[in-house]
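Chains A and B are the protein sequences, given in the same order. Read left to right, the first sequence gives residues 1 to 303 (the UniProt record's numbering). Read left to right, the second sequence gives residues 1 to 443 (the UniProt record's numbering). See below for the structure under consideration.
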Amino acid sequence: MLSVKNIVKQYASHRALDQVSLEIERGKIFGLLGPNGAGKTSLIRIITQITAPDSGEVLFNGERLNANHISQIGYLPEERGLYKKMEIGEQVLYLSKLKGLSTAEATKRIKFWFEKLEMAGWWNKKVEDLSKGMQQKVQFVATILHQPELIILDEPFSGFDPVNADIIKNEILELNKQGATFIFSTHRMESVEELCDHIALIDRSKKILDGGVDEIKATYRNNTYWVEYEGEYNAASAKGIFEVLQTENVKGKTLIKVQLQQDKTANEVLSLLLPHVAIHRLDEVIPTMNDIFIDKVKRQNYE
Amino acid sequence: MNKILLIIRREYLSRVKKKSFIIMTFLTPLLIAGIYGLIGYFTYKGISDTHDKIAVVSVNKTLKDQLSSDKNIEYDYVNKGLDEMKKSLKKSDYDYVLYLPEFDLKAPKGVELFGSKQAGLSLNSRISKDIEELIRNQKLKESGIAQSDLDQLKTSVDIETKKIADTGKEESSSAGASTIIAFIAGILMFMFIMLYGIQVMRGVIEEKTSRIIEVMISSVKPFQLMMGKIIGIALVGLTQFILWIVLTLTISTVAVTVLVDKADVKKIAASAQNGSQITTGTPAVSAAHGPMMDIQKSLAGLDFGKIVSVFIFFFIGGYLFYSALYAAIGSAVDSETETQQFMMPVMMPLLLGYALSLSVVTNDPYGNIAFWLSMIPFTSPIAMVVRLPYGVPNWELALSMVILVAGFIGTVWIASRIYRVGILMYGKKTTFKEMFKWFTYKN
């Protein structure tokens, strides 16, 4: 639904985005990852039409991005706030009217969401009287109230307490089920890993990785397993099948991290060990997005 | 467009609903009416109620029994020595003891006034004028002029100034009245531009520090947000201004009809008449009285409709001109404390315009300085409303208005280019150089 094509954005002395292209499919949760200052926010500001690219184009449902799309995008910026002296209800109403909702429709939806997120009775409160977590709920409601097709959340869970983070996570999944497309922008991979279908990694204004989460993980698997057992075996016999990278002894049990040789399988490891030791568990070591991210960024820095 | 209206509505309502706005709006006219009431009351009381009883110890034969009393001052010649009077002053019902020694009429010296309290300036000058007049009359008599001739010499001349309008019609005018109107208009204009310009700046800073700005500009263009804020606050200013006028007029009308009873009005009228009868005796009163009549007459001659409408035009124009600059400043900083360095260059022309308008322009409303001050958009809002009561040729007015409109289109354009970048910059100390860079950024 959203195609970003060869975007270049140049600020006076540094290039924020350099030939970045992305393809975001309808109904997916897309993770836009990258360290601080990589260019994530610059890219989002272009998608939300806050700024314009120097070259390249963005297509929304095949159309070149224009003012009509503003009402179809919901954006929760990293730097977010509310008018301190304004009543909550008024405030959300104002923000959603700016997105093109009528007063009646907006009021109805605000009431629905306030009910749903246990915020009923907040209408006349002022922002100053709310805790930070409460404010973030209000901001979340304001972001999604106009039922945008595309919802962009910049560092969505930073500052949320675990309880509210969970509530918001569930709402996101529900909205996603109803067809909304999401973009998460974050430098904290672990917070969005389980939610994302697809990710793109941006580092120093360039896209360095792009793909489905499962595919990426698959390519970063390197045949490494954790094996936990009780007993002894002849280490020399393992030669040609696996190599032990790490050994730990915990309460009479042994935990080893092994790397399999090319085209060997976990079955072969087991058949070697089974006659000698009692196996407690065997896990494949799957790299987290965080590992991949760090690995990729580091490698980039060396080059 | 619809979005600008929504923004204007919010900016307007959120300010008008504030307690401080309501208090300011209703309290200020009460204060103004109250202050004028007090001034009027005390002036009236001051004129009618002072009554000083003075014991005159006159060693001087020429001046004996000559000083004449009236309702404000009572001269009582006593046949006692000065020392005795001084000693008994506190116990007696006299306020002061006046000592007139024997002196040469050509060089009078040694007149003394003793009192249990320090004599005021007006009493002092009153007595010295009375004595001077006696001496003058005495001298005239000595040179052979009869008392009857002297009486005939007393005349009072009031000059009625009239301005010949473009239409050829004569209009009553008075430098006094025009100056008063000019001062009030100038001060009001200065206050309004300052107060509401700074409100725009505060509003922008508030949006930046509360970080709502990013949420806002994902829905609206920075230009819409800026203009919405500027227009919304302008309407707040206009509302306040109109309410002040209406309320001040209402309150003073009500106050005059309710508080001042008819007897008092008669008394004031009587004292005013007294004033004109004793013109020579109390020049201070007559001087105050003369221009008063003039002012009333020429106030009627001034075209208030024109003054108010031109004032409103220049208020809106001047406010737009400056508030755009204030918006740009607000966008460039993170907190109000950082605004100092940018405020100076914006404040200077306004202050200069204000100071020059109230001094140079009121003295010479048709001079070169007055002309240029009322043309340059930095100073024209103040200078023009100050010049207005003196009469400004229509072509000058029109030219100044056109320049002002062009000026604010210019500042709004410049400010919007700085604003759109500035509002997204946090935690950086901004310099003028940087602001210029923002200005040149492409979208």
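Every residue, glycine too, gets a C-beta built ideally from N, C-alpha and C.
Check	Outcome
Would you say K137/A lies against chain B (beta-carbon separation less than 8 Å)?	no
Note down, in chain order, all residues in the region 209-227 of chain B with a beta-carbon under 9 Å from any beta-carbon belonging to chain E.	Here the protein chains are A and B, and chain E is not one of them.
The beta strand (DSSP E) that contains A16/A, what's its start and end?	15-24
Listing by chain order, which chain A residues have their CB less than 7 Å from the CB of K3/B?	L98
With 7 Å as the C-beta to C-beta threshold (strictly closer), list the residues of the region 2-31 of chain B near chain A in chain order.	K3, L6, R10, S14
Nearest to I8/B by CA position, among F436/B, M375/B, G237/B, I376/B, is which residue?	G237/B
Would you say Y419/B faces chain A, with C-beta separation under 8 Å as the test?	no
Between which two residues does the alpha helix (DSSP H) carrying S380/B extend?	380-387
Quick check: is the beta carbon of T186/A nearer than 8 Å to any beta carbon in chain B?	no
Quick check on I7/A - is its C-beta less than 8 Å from some C-beta in chain B?	no
Across the region 399-418 of chain B and the region 431-440 of chain B, are there enough close Cβ pairs to call them in contact, namely three or more that are closer than 8 Å?	yes
Any chance the region 199-210 of chain A sits against the region 22-35 of chain A, with 3 or more Cβ pairs inside 8 Å?	yes
Suppose the cutoff is 6 Å on Cβ atoms and the five residues either side in sequence are ignored; what does the same chain contact list for I213/B look like?	E207, I423
Contact defined as beta carbons within less than 8 Å: I believe Q240/B pairs with T25/B. What is the distance between those atoms, to the nearest angstrom?	5 Å
Are the beta-carbon atoms belonging to I286/A and R188/A less than 8 Å from one another?	no
Apart from the five residues on each side of it in sequence, which residues of its chain come closer than 6 Å, Cβ to Cβ, to P377/B?	F321, I403, L404, G407
Under 8 Å Cβ to Cβ from D203/A, same chain only, skipping five residues before and after it: list those, please.	G34, P35, A38, K296, V297, Q300
Taking only beta-carbon atoms, is K437/B less than 8 Å away from chain A?	yes
Residues of chain A with CB closer than 8 Å to the CB of Y354/B, please, in chain order.	The contacting residues do not exist; Y354/B stays about 32 Å from chain A at best.
Mind listing, in chain order, the continuous alpha helix (DSSP H) runs of no fewer than 4 residues lying wholly within the region 83-167 of chain B?	121-142, 147-153
Along the chain, where does the alpha helix (DSSP H) containing Q300/A start, and where does it finish?	289-302
Within 10 Å of its beta-carbon, does R26/A have 16 or more other beta-carbons around it, so buried, or fewer, so exposed?	exposed
Indicate the three-state DSSP secondary structure (helix, strand or coil) for V8/A in the structure shown.	strand
Opposite N394/B in the DSSP bridges: which residues?	For N394/B, which the question treats as bridged, DSSP gives no partner whatsoever.
Any C-beta of chain B within less than 9 Å: which residues of the region 77-89 of chain A qualify?	P77, E78, E79, R80, G81, L82, Y83, K84, K85, M86
Cutting at 8 Å between CB atoms, please list the residues of its own chain near E230/A, excluding the five before and the five after it.	G252, K253, T254, V277, A278, H280
Just grab the DSSP bridge partners of R64/A for me.	L59/A
Is Y426/B close to chain A? Criterion is C-beta to C-beta, closer than 8 Å.	yes
Mind listing the chain B neighbours of L2/A? Cutoff is C-beta to C-beta under 7 Å, in chain order.	Ordered by position in chain B, no residue passes the 7 Å Cβ test against L2/A, which lies about 15 Å from the chain.
With a CB to CB cut of under 6 Å and the five nearest residues on each side skipped, what residues in its chain are close to H69/A?	F60
To which residues does DSSP link Y36/B through a beta bridge?	Y36/B pairs with nothing; no bridge assigned.
Using C-beta distances below 8 Å, list every residue in its chain close to K132/A, excluding the 5 sequence neighbours before and after it, in chain order.	G159
Going by the DSSP bridge assignment, what does K126/A pair with across the sheet?	E87/A
Within 8 Å, do at least three Cβ pairs link the region 175-185 of chain B to the region 388-403 of chain B?	yes
For M86/A, tell me which candidate among S205/A, A218/A, W122/A has the shortest Cα-Cα distance.	W122/A
Whether or not the region 106-114 of chain A and the region 40-48 of chain A are in contact is what I'm after, with contact meaning three or more pairs of Cβ atoms, one per stretch, closer than 8 Å; do they touch?	no
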